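A short worksheet on the structure shown next.
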Amino acid sequence: MNLYEYQAKEIFAKYDIPTPRGKVVDGRSDLQKAFEIIGKDKFGMVKSQVLTGGRGKAGGIKAVDTLDQGLDAMQGLIGMKIKGFPVERVLVEERLKIKNEYFISITLDPEESLPVLLISPKGGMDIEEVAGEYPEAIGEYVIKLQADLPSFAMIELVKNLGFQRQLWGDLINITSKLYRAFCEKEATLIEINPLIETVDGKLIAADGRLNVDDNALFRQPDVSEYKQEFKDMVLKGKGVDYVDLDSGEVGVLCVGAGMTMLTMDLVAHLGSKARCFLDMSHGVNPAGFKAALDLLASEPDIKYVLVNMFGGLTRMDEIAKSILEAIDKFDGKFTKPMVLRLQGTNADKGQEIMREAGYQVCSELEDLLDRFKEMLREEK
Amino acid sequence: MNLYEYQAKEIFAKYDIPTPRGKVVDGRSDLQKAFEIIGKDKFGMVKSQVLTGGRGKAGGIKAVDTLDQGLDAMQGLIGMKIKGFPVERVLVEERLKIKNEYFISITLDPEESLPVLLISPKGGMDIEEVAGEYPEAIGEYVIKLQADLPSFAMIELVKNLGFQRQLWGDLINITSKLYRAFCEKEATLIEINPLIETVDGKLIAADGRLNVDDNALFRQPDVSEYKQEFKDMVLKGKGVDYVDLDSGEVGVLCVGAGMTMLTMDLVAHLGSKARCFLDMSHGVNPAGFKAALDLLASEPDIKYVLVNMFGGLTRMDEIAKSILEAIDKFDGKFTKPMVLRLQGTNADKGQEIMREAGYQVCSELEDLLDRFKEMLREEK
Amino acid sequence: MSILVDKDTRVAVQGITGRQGSFHTRLMLEEGTNIVAGVVPGKGGQIFEGIPVYDTILEARLKQDINASIGFIPPPFAAQSILDAIDAGLEVVVSITDGIPIHDMLKVKDELKDKRTYLIGPNTPGLITPRQAKLGIMPSKAFKPGCIGVISRSGSLSYEVCDELSKANLGQSTVVGVGGDSIPGTTFADLIPLFEADSETKGIAIVGEIGGVAEEKAAKIIKEFCSKPVVALMGGESAPPGKAMGHAGAIVTRGKGTFKSKVEAFRDAGVRVVHKPKDLVQALNSLLSAHR
Amino acid sequence: MSILVDKDTRVAVQGITGRQGSFHTRLMLEEGTNIVAGVVPGKGGQIFEGIPVYDTILEARLKQDINASIGFIPPPFAAQSILDAIDAGLEVVVSITDGIPIHDMLKVKDELKDKRTYLIGPNTPGLITPRQAKLGIMPSKAFKPGCIGVISRSGSLSYEVCDELSKANLGQSTVVGVGGDSIPGTTFADLIPLFEADSETKGIAIVGEIGGVAEEKAAKIIKEFCSKPVVALMGGESAPPGKAMGHAGAIVTRGKGTFKSKVEAFRDAGVRVVHKPKDLVQALNSLLSAHR
């Protein structure tokens, strides 16, 4: 689960990581409170809260001087869409007097199966750009499951990156708090970018990211509190992994990520393109299929539905029954053309069930692709 | 600090390591209680409590059948000396029906700086003898500072030593409790020998040893409770390391173990022999020297006193003053011939102080040895 | 021959009396798997399908010469059950569980260092040596004894591939699903040398996908040590970079693990890369006849 | 040249304001030691003999380029102060403390693995490169700059030996007391290669004693890597086996570490073994003239 900036900063605050004064706001009265918290002199930054990068370039951050300007900015931002994500609230914060911008991130290195710390004196920009242009400006340290970060390694790191000595203590301190939060909150990513050095020599986390392992949410009560805010969790709650691919015309329904990816590739090879995919791995039940079909029905871009299933753990007769039950609920209103393949455990029974209900079903992948080609030709 | 068998077993019991039923006893009424605890049928073993091995061969363990026999055994043992150690109390225990005797020990491997587990199906005898005769009968496992012993390694160990499968569980269980006690009590040695397998298949620690790091006693309250029972701790309490060497004629007084050992070697090279040594490393004060001289005065075997000191941290003027103050307390009754060498920090001052008081002092080691040779010649 | 498991493998099933555990234990027995113990805390002493049940895997190991386990354990308890099996010294430990917290797996991986245990999974259909031992949940019908060693990150796709191999009468020596999690126990690279050393395995099929660096590492090992023909079926060519692919393992991190880098690594190692299960079979067939 | 410490070593004194710490800080300064920081929890901000005092060794390291420390710390807190100094990345850490619990030292040794820190001690008089740097409590008078590298488990005996070396105008390059505890940080074997590599050191004197296996290990390293003449003064010939020798390090364990085994190991490595400090000087003198 990816947290919003303001949520990440709430967690940061629990670990005494310095953050700017401010408040998350979704209306006029809240803004007034934010203004009071920040004070007239330092007012203010109005930052749209969206789970995507690059909101600055997209106009999602406004600097304001007065409460009125703040109100204008808030009203302009809320409701706006940034990279397809609607802005529902803004974070209003003090304006910092910036001397330098740095970068600290802890994430997982799947190759080492260990956490890895990245730190850079070049913050405030896309870290992949930094990695490309100034690879030597990123310090990397693989953390060998220690309880604490070893100070000597941290000193080496910040020293070699050219950080000034007077910043070492605060940098190492903040890094070690981040690491503690990373471990305790079971994060997959925790990041400060930029970590701002103010003109009076203080370090403040001006932006924050915190992605928490979905599988650990059951034992992360303070992160789970944020859970209801995410609408894309609805499908996941029904066991369906949904990924929106922005453009395309085919809705792909499979079981298993590998099968899904391969099917998308094959669709592409036939000159078409998937608009989204739904991995039903854990949603093989009427509710899961209903949610999946609802989504496919509601998205006008999706012209075709391609179902490609090879079941091991999932039994094809159950899948067939679930699909039919879900379609029934549309009362004949689910009309998008669909090609189907059911193979694997109890495939014969599943195919029979679908055929009895009037659907054509393939058993071989090649047949499915032929049928799909045919459908593309018919519709065009 | 080395614990008596009964004390070790009291600690074992805290860790649920099975021990025979019984009671430590130093008089008739206690014996009666022990008899009641054990019961008539299993009565009894009477075992002298001394801090030395080989008490069985020395007649320090008696098997008895009745309370009267027990009383006789107790009275015969208490007051007896085993390898110079007086028996002050006996441990009265149930008689076990023995099928097999095993050995488990955890100690420190100074080469690896890690604890090491030794386990053997040949228990009940001196483990060094076993190591000599049946080296393959001792399993060794270096414990890499884990919180718990890894089961798989323990299984390998007991399997390869030929222990029967039905014992594996209990053996591993007892071993892991021993290791926990070893760590928590900060032991330098914890040992069960023999660990008895009874005819009905139970494992019981028939004897127990537990040596606890003296330096850790300050934070080991339940072990420290046993502390007052050791008389040889008196000198140590005054900062003097005392070692009795059983036979010889010279009392050696030095600062530092290295200097002490070398001095003993040099005494031996001159055809004499040290009776004991006193390492004054932490007892450089009048009380320490008084205790040391008391001991030298009281031991008739000691004919000569040899003082050889080269001070770094210890200042020779302080040493000289302390020695004189200690001698003064004897009111002229400390008459054993003494040769002295003071060298190192403030040696000049120290030598002057001794000379003013009428003592001859050397500064060079060779001079000291010459003077000692002379003294030997004079006295003989 | 085969790798990791065969008819002599002595298997304990962790969670044998659960819904999943009991269902698949019966299917595994049907495949011929030598299941000798079950483990369910609190149910020690029971008998399930003639198999004695113990409270802990350690107790099972102390009482019987088991050397492998498969666990059907809910995510919150799965890592501990894996650690228990590693602690008991089992040689092969299979974890079916999908959804083990990543930080739990970091500890498991740390514990696996310098251990002899091959952890298969988690989030895997398991592994199978057809008609000898199935420690998994794959549909037996798709598998057939034969000469191709198969390793796959994707469950469903491996069934498809094995089904094709079976139909083509190549069959499989052993099929290992390494699982879809970002932190798997055993990886492709660990398995290649085993297949290389296995006399029954004539060729190797890899079912890979984007994300992670498992394919790149496997390619390196293949280049260095592998004399047998290898074909890889790769998915994810059309997946947009940076999108979460459902599998945590399919997350593209820091520019590594792209479709392109994997395909290049494979090609550099002499591995034929294909896009359809049928093509994989064809490629293996032609390589095997050339190899003979 | 010298090993481990010289006039450029930047030293922090842990416990600088204590009775021992303050007394010896003055003596160390007299020797020329470049003491740049003190560490006393709760006394950060004070100045002692012109030296700034910090609350923690880490703070000292962050503020100043220290690379070595010496600690005068009571036993219950000594291990933590060593761990702090290791954590701060210091290259040389000296612990004078006698009486550190052994189980504390197990943790320290574990922490030292794969670290660059040389821990000297505990229970040592420290180390000295005469007239350049003294991180210890040895009497300066006994030491003189020169060409012999000295390593010793015994404090008092090393003073004696160095005094003789000084009088004979051989002097010392660096003198390291490895300490008398059964679990020392740096051992003889760690130091031999440093002296071998040091151009100023022409010969090596070892002051050994019974117990442990430090001498045996040193002999092995000498045989393999050391081209310089080595002489060992060995104590404990007349010590009865199995008696505790005051030093925990002198406990004879499991038949290893006897006088005989040490002397044999040394002789096998071409090390001359002597019994008196004067003989050591003589032996070194004759070996050095033969070596020239």
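Residue numbers (this note's numbering), protein chains in the order written: chain A, 1 to 380; chain B, 1001 to 1380; chain C, 2001 to 2292; chain D, 3001 to 3292.
Quick reminder that beta carbons are idealized off the backbone N, C-alpha and C, glycines included.
Owing to the predicted nature of the structure, the values given are computational and were not obtained by experimental measurement.
Item                                                                                                                         : Value
Per-residue burial, Tyr102/A [other beta carbons within 10 Å of its own, 16 or more giving buried]                           : buried
Min CB distance Thr2009/C to chain A below 7 Å                                                                               : no
Minimum C-alpha distance to Ser1322/B - residue among Glu1299/B, Pro1337/B, Met1280/B, Gly1332/B                             : Met1280/B
Contact list for Gly169/A against chain D, beta-carbon separation under 9 Å                                                  : Leu3058, Glu3059, Leu3062, Lys3063
CA nearest to the CA of Lys3228/D, picked from Thr3124/D, Gly3185/D, Ser3238/D, Asn3285/D                                    : Asn3285/D
Test: Ser1151/B CB closer than 7 Å to a CB of chain C                                                                        : yes
Counted within 10 angstroms of its Cβ, other Cβ atoms place Phe1218/B as buried (16 or more) or exposed                      : exposed
Residue-level contact to chain B via CB, Val2176/C, 7 Å cutoff                                                               : no
8 Å Cβ shell around Phe3259/D - same chain, five flanking residues per side excluded                                         : Ile3210, Met3234, Gly3236, Glu3237, Ala3239
Per-residue contacts from Ser1113/B into chain D (C-beta, under 7 Å)                                                         : Leu3106, Lys3109, Ile3183
Endpoints, alpha helix (DSSP H) assigned at Met2105/C                                                                        : 2102-2112
Residue interval of the beta strand (DSSP E) (run including Gln343/A)                                                        : 338-344
Reduced DSSP category for Met375/A - H, G, I as helix; E, B as strand; rest coil                                             : helix
Given Gln1075/B as reference, the closest of Val1243/B, Asp1065/B, Glu1133/B, Val1087/B once Cα atoms are compared           : Val1087/B
Arg3272/D - DSSP class collapsed to helix/strand/coil                                                                        : strand
8 Å CB neighbourhood of Gly2146/C in its chain, flanking five on each side removed                                           : Pro2130, Leu2165, Ser2166, Asn2169, Leu2170, Gly2171, Gln2172, Ser2173
Residue span of the beta strand (DSSP E) that contains Gln220/A, given as start and end                                      : Neither: Gln220/A is in no beta strand (DSSP E) and is coded neither H nor E.
Stretch pair the region 2092-2100 of chain C + the region 2114-2129 of chain C: three plus CB contacts closer than 8 Å       : yes
Stretch pair the region 3198-3209 of chain D + the region 3026-3037 of chain D: three plus CB contacts closer than 8 Å       : no
6 Å CB neighbourhood of Ser3140/D in its chain, flanking five on each side removed                                           : Glu3031
The region 1012-1020 of chain B / the region 351-370 of chain A touching (three or more Cβ pairs under 8 Å)                  : no
Cut-off 8 Å between Cβ atoms - residues of its own chain near Leu324/A, not counting five sequence neighbours on either side : Ile353, Met354, Ala357
Proximity of Ile2102/C and Asp207/A at Cβ, strictly below 7 Å                                                                : no
Own chain, CB closer than 8 Å to Phe35/A, minus 5 neighbours either side, in chain order                                     : Phe43, Gly44, Leu67, Gly70, Val92
For Val212/A, three-class secondary structure by DSSP                                                                        : strand
CB contact check: Gly3089/D to chain A, cutoff 7 Å                                                                           : yes
For Glu1111/B, three-class secondary structure by DSSP                                                                       : coil
Contact list for Thr188/A against chain C, beta-carbon separation under 7 Å                                                  : Ile2102
Rounded separation between Ser2261/C and Glu2224/C - CA only                                                                 : 18 Å
Alpha-carbon spacing of Phe334/A relative to Ala326/A, whole angstroms                                                       : 10 Å
Contacts of Ile155/A in chain D (Cβ-Cβ under 9 Å)                                                                            : Leu3058, Arg3061, Leu3062, Ala3088, Gly3089
Rounded separation between Arg1180/B and Gln1146/B - CA only                                                                 : 10 Å
Burial state of Gln1343/B (16 or more Cβ within 10 Å)                                                                        : buried
At least three beta-carbon pairs within less than 8 Å, the region 2262-2275 of chain C to the region 3039-3049 of chain D    : no
Whole-angstrom C-beta distance between Val1250/B and Leu1306/B, which should lie under 8 Å                                   : 5 Å
Under 9 Å from the C-beta of Lys2260/C: neighbouring residues of chain A                                                     : By Cβ distance, chain A contributes nothing, its closest Cβ being about 13 Å from Lys2260/C, past 9 Å.
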